[in-house]
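For the sequence shown, the positions run 194 to 624 when my numbering is used.
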Amino acid sequence: MNTESNSVRPTRRSFIYTAGGMAAGTVLSQFALGQTPVGANDRIGVGFLGCGGRGSYHAKELAGMRDRGEAIELVAACDTYRPRMNALAAKQNLKAYWAQQELLADANVDVVCIATPDHIHGQQAIDAVHAGKDVYCEKPFTHWRQLELTKTACDEIGKSDRVFQLGTQGLSDPVWHEMAKFIKDGLIGQPIHAECGYFRVGDWGERGMPIDDPNVKPGDNLNWDAFLGDAPKRDFDASRYFRWRMYEDYSGGPVTDLFPHSLTPVVYMLNIGVPSQAVGLGGIYRYPEREVPDTFNMLLDYPEKLTLAVLGTQGNNMQGAHGRGAGGRCPHLRGWDGTLTVMPNRDTKLDEIVFTPAEGAKKDAVRIRVEGHESVPDHWKNLLDCMRSREKPHSSIDLAYRVQTALQMAAHATRNGKTAKYDANARAVVV
Ligand SMILES: NC(=O)c1ccc[n+]([C@@H]2O[C@H](COP(=O)([O-])OP(=O)(O)OC[C@H]3O[C@@H](n4cnc5c(N)ncnc54)[C@H](O)[C@@H]3O)[C@@H](O)[C@H]2O)c1
């Protein structure tokens, strides 16, 4: 921990412990329940679970926000590979915790940044809210296999009073909020169809998934059991550990790795629930060394009477005319009265929200310049503001549930060569 900065800028909890009287007593009793409120001017402490590519990136962005005057402090780091944990702790002057529960017990940590492999997120998010922490959880919310955990994590986080933001940072882009307002105001009429997708070449994470040390063995420097979590028990394999994205025990390929970015804004804009049915097609068409598909396409039918297509491959990243939106595939939202999308103006090179009336619709075409863009600091800022106001962040827990359940339905449908259905009463996926 950065003791020098602590002494200059007391943390919220150091204030709580030195303040007297009723107010401090009240706060302390809440603290005992793990429910410390964050005041308007309190400095928010961040702890990092996962110090790989994404965790390090978040730490860098948050350090930048702090240096620009945001009231945050980078407090602690935890990772199952000690050299990465120590490297991030040294770089950002953090306390290093080898055991996750020690980081979660640190009273200076207000919010936990979860940037571990996909299959670890859900349980860590539960652990974090049980420890009284607010959460920034990287996407996907859960692993494709974890149908029950998706429900449990949603329920546990939902019934806590903790603030949860899923790391689909695209939702910090104001464009989706403007488009959602158009749809709510009836511009496209009754929604009936939507398409979106994600296209890129390769997918190796922020750091290219290097094997840091091919000779490492589980022990003091590497906690293989904690990495495995609820995944099938296997003997240690350095490739599985460092290149987990290639393996279906820990990853799902585009459906859960990339489509959260594409689908979340669409589900948000259309304000739809969980699909009634899902199908998917795809396979390993370019990268035979992987277990997970590199190409995946899915169709979702919603009880709101609309179909949603999510398309993608990691074998081509041609963005065509539609540059904005995750992976270069802008959503097209079609209603009875017309289609709403966002696309670049070839003259100004700036993006515009574009509404094209459907044949016969008595509506005018619309083109509106888009301000702003997708930004991880803005996504964090939204969470930090909500930690103070206790409002729901943009990528809230209920949105995470709706999106992840749809993705899991498509993943299971594809694996089984069947249609997946959602039993809304039981909140269960049936394949
Ligand atoms: N939102 C985005 O645009 C975006 C971008 C990149 C990655 N991500 C997500 O971030 C997550 C991490 O991806 P990455 O590229 O940083 O992977 P990575 O392999 O570089 O980092 C993961 C880290 O987690 C550690 N780890 C594994 N199990 C752990 C456990 N139980 N507790 C603590 N640490 C553990 C590993 O040692 C590793 O250092 C993924 O889920 C990925 O989908 C999101």
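In this text, a Cβ means the ideal position worked out from N, Cα and C, and glycines have one as well.
None of these values were measured; they are calculated from a predicted model.
- Taking 7 Å as the cut-off, the C-beta of I313 counts as close to a heavy atom of ligand 1.
- With contacts defined by Cβ atoms closer than 8 Å, A613 and V624 form a contacting pair.
- Comparing C-alpha distances from L499 to each of G476, V467, R562 and Q358 shows the shortest one belongs to V467.
- Counting C-beta pairs closer than 8 Å gives three or more between the segment 452-471 and the segment 583-603, which meets the contact rule.
- Between S588 and T457, the C-beta gap is smaller than 8 Å, which places the two residues in contact.
- In terms of CA proximity to E564, V368 leads the group G412, G476, F420 and V368.
- Annotated as distal: D450 and R436, with beta-carbon spacing of 8 Å or more.
- Taking A269 as reference, the option from S582, D260, G248 and E552 with the minimal CA-CA separation is G248.
- Taking a cut-off of 8 Å for Cβ pairs, the segment 362-376 and the segment 334-348 do not touch, as fewer than three such pairs fall below it.
- In the pairwise beta carbon analysis, the segment 523-530 is classified as not touching the segment 471-484: fewer than three pairs are separated by under 8 Å.
- CA-CA distance, T598 to Y461, rounds to 14 Å.
- In the same chain as I404, and ignoring 5 residues on each side of it, the C-beta atoms closer than 6 Å to its own belong to A431 and F435, in chain order.
- For K332, the distance from the CB to the nearest heavy atom of ligand 1 is below 7 Å.
- Closer than 7 Å to some heavy atom of ligand 1: that describes the Cβ of Q362.
- Annotation for I590: the continuous alpha helix (DSSP H) segment containing it runs I590 to N609.
- Under the three-state reduction of DSSP, G473 is assigned to strand.
- Scanning its chain for C-beta atoms nearer than 7 Å, with the 5 sequence neighbours on each side dropped, one finds no residue around K555.
- Distances between the C-beta of T612 and the heavy atoms of ligand 1 are all 7 Å or more.
- Close CB contacts of H566 within its chain, under the 7 Å cut and outside five residues either way in sequence, are with D366 (chain order).
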